[in-house]
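**Student:**
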Amino acid sequence: DVKVTQSSRYLVKRTGEKVFLECVQDMDHENMFWYRQDPGLGLRLIYFSYDVKMKEKGDIPEGYSVSREKKERFSLILESASTNQTSMYLCASSETGLARNEQFFGPGTRLTVL
Amino acid sequence: DQQVKQNSPSLSVQEGRISILNCDYTNSMFDYFLWYKKYPAEGPTFLISISSIKDKNEDGRFTVFLNKSAKHLSLHIVPSQPGDSAVYFCAASQPHYTGTASKLTFGTGTRLQVTL
């Protein structure tokens, strides 16, 4: 059974803190993605990675960075958390070469920045 | 610029009736369309997909229809069940060059409530 796990289900941080969100997949997928989900806005892509140490900006990268040192792990970093980064963060992975481009999602991390 | 649009934020349907969820897109380069289902506090799960070379794909109670000329797709659920109550996201992908990943562009979602 395919699995994407995220380090925390719920997280509360203070403005200005550095925040790390971790994601691990066990499917040996090349591609990994970070999204945020906000009411009325759907899922918006923050960053993605298509190989170890390779990354590309998504649609809303400002205020975020990522790290992919190992194939199975993709980290999202909020350098200095702000209240407008309060959101549901979703990690996903996918296999290269499939026409359908199905992505498998983790359970999400609900981040609140006070 | 919202390339994938779901204009109905919510839909309520009686159990046993048909649910029809709609999605419109603007990018003619999209060649694959997917529907995801999301329960609260869970990640989205893949439901059904359709290639742009087809106009219909069926999987049990779920059928997706694609009208390329209108840039419109719809998801039909028949019969609707209470367990179908969730948020449904439409997503689309386009061909990409070697050396990067294929991205999905998501709609804003439609919350379906199936009532008894």
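Residue numbers (my numbering), protein chains in the order written: chain A, 1050 to 1163; chain B, -5 to 110.
Quick reminder that beta carbons are idealized off the backbone N, C-alpha and C, glycines included.
(1) I'd like to know whether the C-beta of B/Leu117 is nearer than 9 Å to at least one C-beta of chain A.
(2) Check distances from the C-beta atoms of the segment 22 to 52 of chain B to those of chain A and list, in chain order, the residues that come in under 9 Å.
(3) Answer yes or no: does any C-beta atom of chain B fall closer than 9 Å to that of A/Glu1121?
(4) Measuring only between beta-carbons, confirm whether A/Gly1065 sits less than 9 Å from chain B.
(5) Excluding the 5 residues preceding and the 5 following B/His90 in the sequence, name in chain order all residues of the same chain whose CB lies nearer than 7 Å to its CB.
(6) At which residues does the beta strand (DSSP E) containing B/Ala85 begin and terminate?
(7) Can you give the beta carbon distance from B/Leu24 to B/Ser87, rounded, assuming they're within the 8 Å contact cut?
(8) Determine the DSSP secondary structure at A/Asn1133, reduced to helix, strand or coil.
(9) Within 9 Å (strictly less), CB to CB, does B/Leu67 reach chain A?
(10) Going by the CB atoms, is the gap between A/Met1076 and A/Arg1117 shorter than 9 Å?
(11) Rounded to whole angstroms, what is the Cα-Cα separation between B/Lys65 and B/Ser2?
(12) Starting from B/Thr66, follow the beta strand (DSSP E) in both directions and report where the run begins and ends.
(13) Closer than 7 Å, Cβ to Cβ, to anything on chain A: give me those residues from the segment 74 to 85 of chain B, in chain order.
**Tutor:** With the given structure in hand:
(1) Residue 117 of chain B lies beyond the range of chain B shown here (-5 to 110); nothing can be said about it.
(2) Asp25, Tyr26, Leu28, Tyr30, Lys32, Ala35, Glu36, Gly37, Pro38, Thr39, Phe40, Ser43, Ser45
(3) Here residue 1121 of chain A is taken as the residue at index 72 of the first sequence, counted from 1. No, A/Glu1121 lies away from the interface with chain B (no Cβ there is under 9 Å from its Cβ).
(4) Working through the first sequence from its first residue, we reach residue 1065 of chain A at position 16. Chain B contact via Cβ: absent.
(5) Walking along the second sequence from the start, residue 90 of chain B turns up at place 96. The answer, listed in chain order, is Ser96.
(6) Taking the first residue of the second sequence as position 1, residue 85 of chain B is located at position 91. Element bounds for B/Ala85: 80 to 87.
(7) In the second sequence, the residue the question calls residue 24 of chain B occupies position 30. In the second sequence, the residue the question calls residue 87 of chain B occupies position 93. Note that residue 24 of chain B is Phe in the sequence shown here, rather than Leu. 7 Å between Cβ atoms; contact.
(8) As a position in the first sequence, residue 1133 of chain A is number 84, starting the count at 1. Three-state result, A/Asn1133: helix.
(9) Start at 1 with the first residue of the second sequence, and residue 67 of chain B comes out as number 73. So no, B/Leu67 is outside the interface.
(10) Here residue 1117 of chain A corresponds to residue number 68 of the first sequence, with the count starting at 1. Here residue 1076 of chain A corresponds to residue number 27 of the first sequence, with the count starting at 1. Result no, Cβ atoms of A/Arg1117 and A/Met1076 do not sit closer than 9 Å.
(11) The residue labelled residue 65 of chain B in the question sits at position 71 within the second sequence. The residue labelled residue 2 of chain B in the question sits at position 8 within the second sequence. When rounded, the distance between both Cα atoms is 16 Å.
(12) The residue labelled residue 66 of chain B in the question sits at position 72 within the second sequence. Here the sequence assigns His to residue 66 of chain B, which means Thr is not the residue at that position. Its beta strand (DSSP E) spans residues 66 to 71.
(13) Phe83
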